[in-house]
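Residues in the sequence shown are numbered from 197 upward in steps of one, following the numbering used here. Where is the CB? At the ideal position from N, CA and C, for every residue including glycine. Data first, discussion second: the structure below is written as structure tokens.
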Amino acid sequence: MTTSNKIKSYDLDYIWHPFTQMKDYLNEEPLVIENSDGVFLIDSDGNRYIDGVSSLWVNIHGHKVSKINSAIKKQVDKVAHSTLLGITNPSASLLAKKLIDISPKGLKKVFYSGDGASAVEVALKMAFQYWLIKGKSKKSKFVCLKGGYHGDTLGAVSVGGIDAFHSTFKPLLFESYQVSSYDSSDLTISELKTLFSEKADTVAALIIEPYVQAAGGIKVAKDGYLKEISKLCKKYDVLLILDEVATGFGRTGEMFACDHDNVTPDILVLGKGLTGGYLPLSATITTNQIFETFLGDHEEMKAFFHGHSYSGNPIACSAAIANLEIFEDEKTIIKAKTTIKIFEDELKEFSGLKHVSGIRNKGLMAGIDLKKDPKNDVSYELKDRISKKVCDIARREGVLIRPLGDTIVIMPPISIKQKELKKLTKSIYKSIKEATENES
Ligand SMILES: Cc1ncc(COP(=O)(O)O)c(C=O)c1O
197 MTTSNKIKSY DLDYIWHPFT QMKDYLNEEP LVIENSDGVF LIDSDGNRYI DGVSSLWVNI
257 HGHKVSKINS AIKKQVDKVA HSTLLGITNP SASLLAKKLI DISPKGLKKV FYSGDGASAV
317 EVALKMAFQY WLIKGKSKKS KFVCLKGGYH GDTLGAVSVG GIDAFHSTFK PLLFESYQVS
377 SYDSSDLTIS ELKTLFSEKA DTVAALIIEP YVQAAGGIKV AKDGYLKEIS KLCKKYDVLL
437 ILDEVATGFG RTGEMFACDH DNVTPDILVL GKGLTGGYLP LSATITTNQI FETFLGDHEE
497 MKAFFHGHSY SGNPIACSAA IANLEIFEDE KTIIKAKTTI KIFEDELKEF SGLKHVSGIR
557 NKGLMAGIDL KKDPKNDVSY ELKDRISKKV CDIARREGVL IRPLGDTIVI MPPISIKQKE
617 LKKLTKSIYK SIKEATENES
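In structure tokens:
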């Protein structure tokens, strides 16, 4: 057997892929990504694909970025890992300072984990214990939004609001208050007002994805929304947790989505793009006020009893430092403004397609909804597999994307060049047209 065939056959024999119906997967030939070049992923046959969803929303400056590569190599030659439990390492320390420098004013302490869901767990436990220490043990519940997504661990699922992903696990979850999604109405604010006025004394925190509910289908809040939400939380003494795992690191056009409204949360959750899309690393960042609440004598047992084996891993932290240096050196956020303008112009074209029922974006995060009959609000059926058809055609066109239900997601690396961006959007346009118009 050739190496290439061996890889495919071992994959089919031994890997259970995440968020994948394996019955379908096992009937198709696996796509093996073996190499990369900027925004391109390259398969084992040498075919090149634009990474249209930033390798599941993580990639920032493209692949094989020399500065990040060499930062990792340099670190490996010193030490690959040592624990952060009770001791430290240079990369974790230097990165923490960099993160505080770019975080909204008032955030002062960084708690490291490995992935987004773990960082969300940290935020929830931190908020819960904070109120406990302050003698307000009744403030133990969380408020979340319908359509929200914060990861797949049980705490994160307990504050999730996507039935398709979350309802199966309901018997395992703790109860949360849920209010309407912010996508198109003011419902969230009015429901929050009512909920807080009646129940704030039982609420530890509100957790939301600021401005874009990503996994919920790229649902976008209207401008100024976050400010109102932040004011309400302050008024009712409810902590605000902003989950910027998907929106962070320039994806929405500012370093963080909360920068659009100059809002400082009590707890900020970062992941995905933190290492430029290289290595698993996440951070839960909070204020001195929360941090200091946990200070006490050993026997008071106020320490935050949470940690992960790889918290503050030096290689991941080195990658993250290099990632942030590129943001500074290349003025990534400023440059992204031009890219976003072009992206928005390109997105307008999609309204000309017969089966496109909605187009939304915030910065470089976009969702294009497909419907069988948009005029009469008729959705495709599950068995139509319409978005899979679109993605299969896109793959033939040299573009890798992954949908959310019948929403086609486009989320390219922020570094994408004009020409590449146009190739990406035009290929997706063509794929939607072919999949939907040949079908009906
Ligand atoms: C907003 C948000 N929070 C948390 C997560 C979970 O991150 P991870 O997949 O790294 O656990 C995600 C993942 O998509 C996300 O979009």
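Would a C-beta distance cut-off of 8 angstroms place residue i and residue j closer than the cut-off?
i	j	result
Leu-280	Ala-267	no
Thr-489	Lys-330	yes
Pro-608	Leu-620	yes
Ala-352	Ile-463	no
Ile-511	Ala-276	yes
Val-441	Gly-343	no
Leu-438	Cys-429	no
Ala-410	Tyr-474	no
Lys-558	Tyr-407	yes
Glu-317	Thr-349	yes
Pro-300	Asp-419	no
Leu-466	Ile-425	no
His-502	Lys-321	yes
Ser-507	Tyr-308	yes
Distance, Cα to Cα, residue i vs residue j?
i	j	result
Asn-486	Lys-293	The question names Asn, but residue 486 is Ile in the sequence shown. So the alpha carbons of these two residues sit roughly 18 angstroms apart.
Leu-222	Lys-550	33 angstroms
Leu-543	Thr-198	43 angstroms
Asn-638	Tyr-245	Past the boundaries of the shown model lies residue 638; the chain is included only from 197 to 636, so the question cannot be answered.
Ser-627	Ile-414	20 angstroms
Asn-458	Leu-341	21 angstroms
Lys-274	Phe-361	42 angstroms
Trp-212	Tyr-206	11 angstroms
Gly-258	Gly-594	16 angstroms
Ile-529	Leu-391	37 angstroms
Val-249	Tyr-625	15 angstroms
Ser-372	His-346	13 angstroms
Asp-382	Lys-622	34 angstroms
Pro-214	Asp-493	43 angstroms
Gln-374	Gly-357	8 angstroms
Asn-201	Cys-587	24 angstroms
Phe-539	Phe-546	12 angstroms
Thr-632	Asp-602	11 angstroms
Thr-483	Leu-470	20 angstroms
Asp-297	Ala-453	16 angstroms
Lys-579	Ser-354	29 angstroms
Lys-615	Val-235	11 angstroms
Lys-613	Ser-376	37 angstroms
Lys-537	Phe-445	18 angstroms
Closer than 7 angstroms to a non-hydrogen atom of ligand 1 - does that hold for the CB of residue i?
i	result
Asp-433	no
Pro-276	Strictly speaking, residue 276 in this sequence is Ala, with Pro absent from that position. Not under cutoff, so the answer is no.
Tyr-308	no
Val-318	no
Tyr-644	Here the chain covers residues 197 to 636 and nothing more, so residue 644 does not appear.
Lys-321	no
Lys-468	yes
Trp-253	yes
Gly-312	yes
Asp-439	yes
Ala-442	yes
Glu-394	no
Ala-516	no
Ala-411	yes
Glu-405	yes
Could you tell me how far apart the beta carbons of residue i and residue j are, in whole angstroms, since I believe they sit closer than 8 angstroms?
i	j	result
Leu-303	Thr-460	6 angstroms
Tyr-432	Ala-400	That belief does not hold up - the Cβ atoms of Tyr-432 and Ala-400 are roughly 12 angstroms apart, past 8 angstroms.
Ala-315	Ser-505	Actually they do not touch by this definition, with Cβ atoms about 15 angstroms apart.
Ile-517	Leu-290	6 angstroms
Ile-589	Ile-597	About 10 angstroms separates the two Cβ atoms, so there is no contact after all.
Tyr-576	Lys-584	That belief does not hold up - the Cβ atoms of Tyr-576 and Lys-584 are roughly 11 angstroms apart, past 8 angstroms.
Met-561	Thr-384	Not a contact, Cβ separation roughly 19 angstroms.
Arg-556	Val-416	5 angstroms
Could you check if residue i is buried or exposed, using at least 16 other CB atoms within 10 Å of its CB as the buried criterion?
i	result
Pro-367	exposed
Asn-231	exposed
Gly-524	Looking at the sequence provided, one finds Glu at residue 524 rather than Gly. That one is exposed.
Arg-592	exposed
Gly-242	exposed
Thr-216	exposed
Ser-262	exposed
Ser-636	Unreliable placement is indicated for Ser-636, whose pLDDT of 49 sits below 50; the coordinate value is still reported in the next sentence. Answer is exposed; the Cβ neighbour count stays below 16.
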